[in-house]
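Residue numbers (our numbering), protein chains in the order written: chain A, 1 to 182; chain B, 1001 to 1307.
The beta-carbon is built from N, C-alpha and C at its ideal position, and this holds for glycine as well.
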């Protein structure tokens, strides 16, 4: 991100912020949709994040840190939208399994519905780590910074998320390991 | 047998094979709302000098050329054109010396590893270590709601509002001068090194309204100079009733500069002389603040103990 643009936007230049928002909006929507798995919620989260960035930009001390800071606001917006989603989401929790997936043919035939279902059953905390790391290619220490968590926690969340997704893919091959949350 | 690498590849592939997503509609909504969405000015008024634009840097460089004029400004009496007559302000804290006993422990003015409370809420009554000017000390907060930013400040509440208050504790470096032209970000030459020199410069910053000081007080048992400033219309760099865009710069350290947050806010400065080492602390209450935030700031100052 152009630091001069960020500084101008910090000082209230709406034109500069329009350029900033235009540059990041598509990417933000893509990240939000992958975390929330719902386009309407993702659009709302992106809109809230872009307005929050504008409002809070004067509080960003170092404009060079804009990228990480803005992603943090986006993830927060996703949390907020995710809380709305919980009202309608199936009240199920996926329990990870430790056994390796026995099917070597995963690379050729992927059941996207299973993967989608498994991902939806992850918490927003876990989804955010997966998307920031595997979609945006951010290293885990940077993911931890964005989310405001220790690096070890980011590693742990990623590990558990991936185990959960593996379990979802393996659902056909073994008994269901879902439990109904009380 | 599936491996971790397989799973990573599968998930990455799944995340990246999606239809095109355009945020045009979202962007339209956001841009349409900007005019009705005011920015929240941070009360954190420290900004890296390095962040200043080139014009400001040139202006600062030009300051060296006009040293004589700048010194002339600095030598103006404290009340000369800048004091009194300001808008109603929060009652200033009493500058009377605190009843702290004479210190027995020897402070350590030599450079130490800077200490600062980690980011997050500060528990009522618990003591928090800080290093300022190379001198370790501790403080406690009197009420809930105070948080540390983990770097250089603690605040009562985020953003602008009458209940907001906060401190900049200058853990890494100590201010050495003030701005001769706060709107143009034009620095005066460094002053000091005594607390009295610095306080006199603070009290004479053009465009500020001097509420009180410099006065002699005691902080943690050590002598200090105390100055209270507020900011009226003369501090409005944009002449539009806001301090946005052209923040009103007050004092500077080698890489940081302090600016006033908003018209009507009040800044209290304590410049403590700890056996020759300068510890600089400044607190700010926001426009329209009642007596409580100022009182809490004074309570925190009174809680300071040098190690």
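| Query | Result |
| --- | --- |
| Please name the residue or residues paired with residue 1137 of chain B in a DSSP beta bridge. | B:1130, B:1306 |
| For residue 1307 of chain B and residue 1281 of chain B, what's the separation of their Cα atoms in angstroms? | 16 Å |
| Evaluate residue 162 of chain A with the Cβ neighbour count: other Cβ atoms within 10 Å of its Cβ, from every protein chain shown; 16 or more gives buried, anything less gives exposed. | buried |
| Quick one: what's got a C-beta closer than 6 Å to residue 1129 of chain B's C-beta in the same chain, skipping five residues either side? | 1115, 1138 |
| Comparing C-alpha positions only, which one of B:1195, B:1221, B:1233, B:1179 sits nearest to residue 1227 of chain B? | B:1195 |
| Does chain B have any CB closer than 8 Å to the CB of residue 23 of chain A? | no |
| Is the region 1208-1223 of chain B touching the region 1286-1299 of chain B, taking contact as three or more C-beta pairs under 8 Å? | no |
| Does DSSP put residue 27 of chain A in a helix, in a strand, or in coil? | helix |
| Would you say residue 1173 of chain B lies against chain A (beta-carbon separation less than 8 Å)? | no |
| Taking Cβ positions, are residue 1023 of chain B and residue 25 of chain A nearer each other than 8 Å? | yes |
| What are the residues that DSSP puts in a beta bridge with residue 1218 of chain B? | B:1223 |
| Taking only the alpha-carbon atoms, compute the straight-line gap between residue 130 of chain A and residue 137 of chain A and give it to the nearest angstrom. | 10 Å |
| Who are the near neighbours of residue 1171 of chain B in its chain, counting only those whose CB is closer than 7 Å to its CB and skipping five residues on each side? | 1114, 1116, 1130, 1131, 1132, 1152 |
| Can a CB atom of chain D be found closer than 8 Å to the CB of residue 1030 of chain B? | Absent here is chain D; the protein component of the structure consists of chains A and B. |
| For residue 1034 of chain B, would you say it is in contact with chain A, using Cβ-to-Cβ distances shorter than 8 Å as the test? | yes |
| Given that residue 1258 of chain B touches chain A, what residues does it touch there, using C-beta distances under 8 Å? | Within chain A, no residue comes near residue 1258 of chain B; the closest Cβ sits about 13 Å away, beyond 8 Å. |
| Beta-carbon within less than 8 Å of residue 10 of chain A's beta-carbon, same chain only, minus the 5 sequence neighbours each way: which residues are those? | 57, 58, 60, 63 |
| Classify residue 1033 of chain B: buried if its beta carbon has 16 or more other beta carbons within 10 angstroms, exposed otherwise. | exposed |
| Does the Cβ of residue 1205 of chain B have 16 or more other Cβ atoms within 10 Å, making it buried, or fewer, making it exposed? | buried |
| Which residues in the same chain have their Cβ closer than 6 Å to the Cβ of residue 1254 of chain B, if we skip the five residues on either side of it in sequence? | 1173 |
| When you compare the CB positions of residue 1259 of chain B and residue 1187 of chain B, do they come within less than 8 Å of one another, or not? | no |
| Counting beta carbon pairs with one atom in the region 1284-1291 of chain B and one in the region 1175-1184 of chain B, are three or more of them shorter than 8 Å? | no |
| Please confirm whether residue 114 of chain A has its beta-carbon closer than 8 Å to some beta-carbon of chain B. | no |
| Taking C-beta pairs closer than 7 Å, name the residues in chain B that residue 56 of chain A reaches, listed in chain order. | 1040 |
| Between residue 1005 of chain B and chain A, is there a C-beta pair that is closer than 8 Å? | no |
| Residues of chain A with CB under 7 Å from residue 1022 of chain B, in chain order? | 26 |
| Look at the alpha carbon of residue 7 of chain A and the alpha carbon of residue 1268 of chain B, and state the distance between them as a whole number of angstroms. | 28 Å |
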